[in-house]
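Trainee: First, the structure itself, so that you have it in front of you.
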């Protein structure tokens with residue numbers, strides 16, 4: 435077994451261990467405080483833990499499946515996220531062709547470009563090509579009511595749900611000296627640190643949260659939760675520095691950057707939900723909501739993490 | 028049962044599975060049982076808004092399997108009898124109750140067909156607007172069929188079902204469905220009140236359906252629009 439494979443299995447087993455622990459704690463809390471399912475917070479916690487098992491299983495299979503597995507999984511996530519986002523936009527009948535093109539042309543092409551590793555095109559395909567071509571498709575339908583709003587929303591949807599999500603598997607393309615064959619671990623590190631930050635913000639918030647961070651946006655988020663989550667997830671990121679091409683201090687900086695971006699991304703996506711009067715983006719992940727509810731932080735962290743890593747560590 | 032008949036029935040059931048799988052992949056349809064429970068073994072008439080040919084599939088897909096087999100969509104014969112594929116899907120996969128919409132010569136026939144299906148123990152899915160709504164209005168005014176059916180079989184629950192968003196998935200004239208999240212909201216059952224006039228009942232049923240919209244503020248105004256021409 436290659437060292438990279440060995441490390442990947444170690445990581446997967448480690449996460450499995452954490453989930454076993456979480457499930458045991460969840461079951462104990464459930465027996466103690468919610469034997470008849472009357473405590474909504476604990477029922478939701480246990481729903482979330484159960485959903486985490488499925489998500490970790492999907493991620494583990496994708497990681498073990500290599501390039502095809504990772505690109506395939508994130509393409510499916512992008513599809514589900516785009517479906518949730520487009521549902522909340524003002525797109526009308528006149529935008530039907532544009533929407534069809536977004537789902538059945540733009541999304542597959544973007545992930546195909548990542549698959550063949552054409553950095554020069556996947557980095558600009560949506561921000562440049564689609565940015566200019568998509569409004570043309572919509573304008574041909576001749577409906578001008580809300581035109582700017584409709585087009586801008588569709589472009590936002592594609593940037594968030596396709597462009598940003600595709601930068602997670604794009605990390606496979608970075609050529610980092612001394613890190614050959616280990617790029618999938620970099621993806622695992624990004625996902626683990628950012629998602630743990632979400633979980634730990636929730637946990638710290640429940641334990642010591644007092645001051646509301648943004649009561650209008652996200653009534654349950656607190657300053658203490660944010661600080662505790664970002665700092666403790668970053669500490670775990672440092673402890674896992676061996677997964678990355680970074681030295682421990684560099685890992686600390688990167689972990690702080692992605693957890694901060696992730697937390698901010700959560701707020702931005704919350705603002706959109708409030709604007710549209712919904713609580714969750716979807717219902718497909720029990721306890722969590724939709725795909726965007728779970729992915730929002732990774733989405734905001736991935737492209738900048740990709741580019742910083744690329745500028746500093748990539749060769750060629 | 029002949030072997031060929033059994034194979035055909037298996038094919039029909041498999042096709043039903045494939046169609047509902049596809050419908051779920053595109054719409055992630057979420058049932059919201061707001062006014063009724065899903066598993067009650069009661070016979071029902073589900074009446075819903077009608078914007079696309081896929082409407083009944085979204086209701087059918089979220090029913091429990093036992094109810095699926097006993098629930099028949101009421102659909103236009105002109106559409107579902109044209110072509111072998113539609114005949115197979117309409118007739119054998121969904122066991123649709125096909126009614127003639129053209130030829131206004133025998134106005135009572137459709138109601139008689141529906142009453143007969145109810146007497147045989149089936150539930151029905153019907154679209155009281157009578158035709159697909161291709162306007163900007165949320166809901167067209169109802170034709171009188173629902174009233175006549177309710178007065179002939181007053182004991183059966185009339186369950187309003189709002190289908191959210193499917194009109195955006197597959198708007199008028201579109202061939203490719205666009206993936207968007209859909210919901211089917213099931214409301215509380217209604218019955219025809221003693222001595223209730225036709226217009227009052229239809230207005231009440233229409234209001235009950237409109238009240239189920241999850242995001243009414245984003246729709247076009249819900250004022251009634253002129254009804255399509257009715258058979259006498």
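Protein chains in written order, with the numbering used here: chain U, 435 to 750; chain X, 28 to 259. No residue lacks a Cβ here, since even glycine has one placed at the ideal position from N, Cα and C.
1) For a contact meaning CB atoms closer than 7 angstroms, what does residue 537 of chain U contact in chain X?
2) Starting from residue 103 of chain X, follow the beta strand (DSSP E) in both directions and report where the run begins and ends.
3) Is the Cβ of residue 201 of chain X closer than 7 angstroms to any Cβ of chain U?
4) So residue 480 of chain U and residue 460 of chain U are supposed to be a Cβ contact under 8 angstroms. How far apart are they, rounded?
5) Using a Cβ cut-off of 7 angstroms, which residues of the stretch 148-165 of chain X contact any Cβ in chain U, in chain order?
6) Can you name the start and end residues of the alpha helix (DSSP H) that residue 572 of chain U belongs to?
7) CA-CA distance, residue 262 of chain X and residue 90 of chain X?
8) In the DSSP assignment, what are the bridge partners of residue 656 of chain U?
9) From residue 619 of chain U to residue 203 of chain X, what does the alpha carbon distance come to, in whole angstroms?
10) What span of residues does the alpha helix (DSSP H) with residue 115 of chain X cover, start to end?
11) Taking CB distances under 7 angstroms as the criterion, tell me whether residue 61 of chain X reaches chain U.
12) Short check: CB of residue 547 of chain U to CB of residue 541 of chain U, under 7 angstroms?
13) Skipping 5 residues on each side, what residues in its chain have a beta carbon closer than 7 angstroms to that of residue 219 of chain X?
14) Check the Cβ-Cβ distances between residue 753 of chain U and every residue of chain X, and say whether any is below 7 angstroms.
15) Give the secondary structure of residue 260 of chain X by DSSP, where H, G and I count as helix, E and B as strand, and everything else as coil.
16) Could you give the DSSP three-state label for residue 210 of chain X: helix, strand or coil?
17) DSSP three-state call for residue 126 of chain X: helix, strand or coil?
18) Is the number of C-beta pairs between the stretch 732-743 of chain U and the stretch 592-599 of chain U that are closer than 8 angstroms three or more?
19) Could you check whether residue 615 of chain U and residue 502 of chain U sit closer than 7 angstroms to each other, using their CB atoms as the reference points?
20) What residues in its chain sit with their C-beta under 7 angstroms from that of residue 230 of chain X, if we drop five residues either side in the sequence?
21) Curious, which full-length beta strand (DSSP E) runs of at least 3 residues does the stretch 156-242 of chain X contain?
22) Using beta carbons (cut-off 7 angstroms, strictly below), is residue 198 of chain X in contact with chain U?
23) Using 10 angstroms around the beta-carbon of residue 440 of chain U, count the other beta-carbons present and answer buried if the total reaches 16, otherwise exposed.
24) Between residue 70 of chain X and chain U, is there a C-beta pair that is closer than 7 angstroms?
25) Just checking: is the beta-carbon of residue 499 of chain U within a distance shorter than 7 angstroms of some beta-carbon in chain X?
26) Does the beta-carbon of residue 731 of chain U have 16 or more other beta-carbons within 10 angstroms, so that it is buried, or is it exposed?
27) Is it buried or exposed for residue 92 of chain X, if we count other Cβ within 10 angstroms and need 16 for buried?
28) Nearest chain U C-beta to residue 220 of chain X closer than 7 angstroms, yes or no?
29) Could you check the C-alpha separation between residue 487 of chain U and residue 234 of chain X for me, to the nearest Å?
30) Just the C-alpha distance for residue 155 of chain X and residue 706 of chain U, rounded to the nearest angstrom, thanks.
31) Indicate whether the contact test is met: 3 or more Cβ pairs, each with one atom in the stretch 522-538 of chain U and one in the stretch 191-209 of chain X, closer than 8 angstroms.
32) With a cut-off of 7 angstroms, does the C-beta of residue 55 of chain X fall near any C-beta of chain U?
33) Pull up the DSSP beta-bridge partners for residue 153 of chain X, would you.
34) Beta carbon of residue 631 of chain U, beta carbon of residue 696 of chain U: below 7 angstroms?
35) Between the stretch 712-723 of chain U and chain X, which residues of the former have CB atoms less than 7 angstroms from a CB of the latter, in chain order?
36) If we count Cβ pairs, one from each stretch, closer than 8 angstroms, do we get three or more for the stretch 179-198 of chain X versus the stretch 38-47 of chain X?
Mentor: The short version:
1) Numbered from 1 along the first chain, position 103 holds the residue referred to as residue 537 of chain U. Those are 205 and 206, listed as they occur along chain X.
2) Position 76 of the second chain, counted from the start, is the residue given in the question as residue 103 of chain X. Start and end: 98-103.
3) For the purposes of this step, residue 201 of chain X is taken as the residue at position 174 of the second chain. With 7 angstroms as the cut-off, residue 201 of chain X counts as an interface residue toward chain U.
4) In the first chain, counting from the first residue as 1, residue 480 of chain U sits at position 46. In the first chain, counting from the first residue as 1, residue 460 of chain U sits at position 26. Confirmed, Cβ separation roughly 5 angstroms.
5) none
6) Start at 1 with the first residue of the first chain, and residue 572 of chain U comes out as number 138. Here the alpha helix (DSSP H) through residue 572 of chain U covers 565-573.
7) The question about residue 262 of chain X has no answer here: the residues shown for chain X are numbered 28 through 259.
8) Within the first chain, numbered from 1, the residue matching residue 656 of chain U stands at position 222. DSSP, once it has assigned bridges, lists U/646 as partnering residue 656 of chain U.
9) Position 185 of the first chain, counted from the first residue, corresponds to residue 619 of chain U. Position 176 of the second chain, counted from the first residue, corresponds to residue 203 of chain X. Taking the straight line from one Cα to the other gives about 39 angstroms.
10) Mapped onto the second chain, residue 115 of chain X falls at position 88. Premise fails: residue 115 of chain X is in no alpha helix (DSSP H) and is neither H nor E.
11) Within the second chain, residue 61 of chain X is the residue found at index 34, counting from 1. Judged by the 7 angstroms Cβ criterion, residue 61 of chain X is not in contact with chain U.
12) Counting from one through the first chain, the residue named residue 547 of chain U turns up at place 113. Counting from one through the first chain, the residue named residue 541 of chain U turns up at place 107. Not closer than 7 angstroms, so no.
13) Stepping through the second chain from its first residue, residue 219 of chain X is reached at position 192. So the qualifying residues of the chain are 177, 178, 181 and 228.
14) Residue 753 of chain U cannot be examined here, being either before or after the span of chain U that is shown, 435 to 750.
15) Coverage of chain X is limited to positions 28 through 259, which leaves residue 260 of chain X absent and any answer about it impossible.
16) Indexing the second chain from 1 puts residue 210 of chain X at position 183. In this structure, residue 210 of chain X counts as strand in the three-state DSSP scheme.
17) For this step, residue 126 of chain X is matched to residue 99 along the second chain. Here residue 126 of chain X sits in strand by DSSP.
18) yes
19) Here residue 502 of chain U refers to the residue found at position 68 of the first chain. Here residue 615 of chain U refers to the residue found at position 181 of the first chain. No, the Cβ-Cβ distance between residue 502 of chain U and residue 615 of chain U is not below 7 angstroms.
20) Taking the first residue of the second chain as position 1, residue 230 of chain X is located at position 203. Answer for residue 230 of chain X: no residue qualifies.
21) 184-191 and 210-213
22) Reading the second chain from its first residue, position 171 is the one you call residue 198 of chain X. Answer yes: the Cβ-Cβ gap between residue 198 of chain X and chain U drops below 7 angstroms somewhere.
23) Indexing the first chain from 1 puts residue 440 of chain U at position 6. Under this definition residue 440 of chain U is an exposed residue.
24) On the second chain, position 43 is the one that residue 70 of chain X refers to. Output row for residue 70 of chain X: interface = no.
25) Here residue 499 of chain U refers to the residue found at position 65 when the first chain is read from its first residue. So, not an interface residue.
26) Position 297 of the first chain, counting from 1, holds the residue named residue 731 of chain U. Looking at its Cβ environment, which holds 16 or more other Cβ atoms inside 10 Å, residue 731 of chain U is buried.
27) Locating residue 92 of chain X in the second chain gives position 65, counting from the first residue. Exposed, since its Cβ has fewer than 16 Cβ neighbours within 10 Å.
28) Residue numbering aside, residue 220 of chain X sits at position 193 when the second chain is read from its first letter. Not closer than 7 angstroms to any Cβ of chain U, the Cβ of residue 220 of chain X fails to qualify, so no.
29) For the purposes of this step, residue 487 of chain U is taken as residue 53 along the first chain, with counting starting at 1. For the purposes of this step, residue 234 of chain X is taken as residue 207 along the second chain, with counting starting at 1. Cα-Cα distance, rounded: 44 angstroms.
30) Your numbering for residue 155 of chain X matches position 128 in the second chain. Your numbering for residue 706 of chain U matches position 272 in the first chain. If you take the alpha carbons of residue 155 of chain X and residue 706 of chain U, they lie about 36 angstroms apart.
31) yes
32) In the second chain, counting from the first residue as 1, residue 55 of chain X sits at position 28. Taking Cβ atoms only, chain U reaches closer than 7 angstroms to residue 55 of chain X, which makes this a yes.
33) The residue you call residue 153 of chain X lines up with position 126 of the second chain. For residue 153 of chain X, which the question treats as bridged, DSSP gives the partners X/74.
34) On the first chain, residue 631 of chain U is found 197 positions in, with the first residue counted as 1. On the first chain, residue 696 of chain U is found 262 positions in, with the first residue counted as 1. Against a cut-off of 7 angstroms, the Cβ pair of residue 696 of chain U and residue 631 of chain U comes out as a contact.
35) 716, 717 and 718
36) no
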